[in-house]
Amino acid sequence: AASDVYKRQVMLRYINPAIFSPEHAGLLPKGKLPSTQTRRNLVLITKILQNLANGKTFSTKEQFMTPLNSFLEGKKDAIANYFNALVNFQCNPQTAHGNIQVTELSVYDLHLLHSLVFQYQESIMPLFPDNESAAGFQKLLDKVGSYQSKVSFSFLEEAHQKFVKQTLEHYKEEA
Numbered sequence: 001a002a003s004d005v006y007k008r009q010v011m012l013r014y015i016n017p018a019i020f021s022p023e024h025a026g027l028l029p030k031g032k033l034p035s036t037q038t039r040r041n042l043v044l045i046t047k048i049l050q051n052l053a054n055g056k057t058f059s060t061k062e063q064f065m066t067p068l069n070s071f072l073e074g075k076k077d078a079i080a081n082y083f084n085a086l087v088n089f090q091c092n093p094q095t096a097h098g099n100i101q102v103t104e105l106s107v108y109d110l111h112l113l114h115s116l117v118f119q120y121q122e123s124i125m126p127l128f129p130d131n132e133s134a135a136g137f138q139k140l141l142d143k144v145g146s147y148q149s150k151v152s153f154s155f156l157e158e159a160h161q162k163f164v165k166q167t168l169e170h171y172k173e174e175a
């Protein structure tokens, strides 16, 4: 069963902020903001959801919300089931990804991906929809560092080391 702390935190940190501020969660077109009345309604919705996650009803502090207490009581099992399903989620590759075969990446695959991203980063950067996204990706690349300065293939068998080096050299020649 999902713990109460987990439920409160997911609602408080993820779900409610997206509801209260849909423009920051990317749920509204750029530059579009909810009206004052809509914002107030969104605040009330987040209060209801937070009380539901907290397992609490409204008190005299917010008397105008107390008519919703019966709703909150009636949805306790539903919210518990939701969070239990969220916590106990198990990915089924055939449903989560359609018919795409999901495989595990080997360390070799990660090294190769890392090297290719660095090698072709100038071609990758223009593919981002905006400068902010590209800058975020560049910042991540700067933080990760070059594969050449980080990668050691000594953990691989000698034949695999040779293959990796040949593959990397091949991709360098194509650039």
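Everything in the sequence shown is counted per my numbering, starting at 1 for the first residue and increasing by one. Even for Gly, the Cβ is constructed at its ideal location relative to N, Cα and C.
Within-7 Å CB hit, residue i to chain D
i: N41; result: You won't find chain D in this structure, because it holds only one protein chain.
Bounding residues of the alpha helix (DSSP H) (the contiguous stretch that carries residue i)
i: N88; result: Premise fails: N88 is in no alpha helix (DSSP H) and is neither H nor E.
i: Y6; result: 4–10
i: R13; result: No alpha helix (DSSP H) holds R13; DSSP gives it neither H nor E.
i: Q37; result: 36–54
i: F71; result: 69–74
Buried versus exposed, by CB contacts within 10 Å (16 or more), residue i
i: L72; result: buried
i: H24; result: exposed
i: S182; result: Here the chain has residues from 1 to 175 only, and residue 182 is not among them.
i: H160; result: exposed
i: F83; result: buried
Integer-rounded CB distance, given that residue j should sit under 8 Å from residue i
i: F8; j: N54; result: The question names Phe, but residue 8 is Arg in the sequence shown. The Cβ separation is near 6 Å, so the contact holds.
i: N69; j: T46; result: Incorrect: roughly 17 Å between the Cβ atoms, too far for contact.
Reduced DSSP category for residue i - H, G, I as helix; E, B as strand; rest coil
i: E23; result: coil
i: T167; result: helix
i: T57; result: coil
i: F137; result: helix
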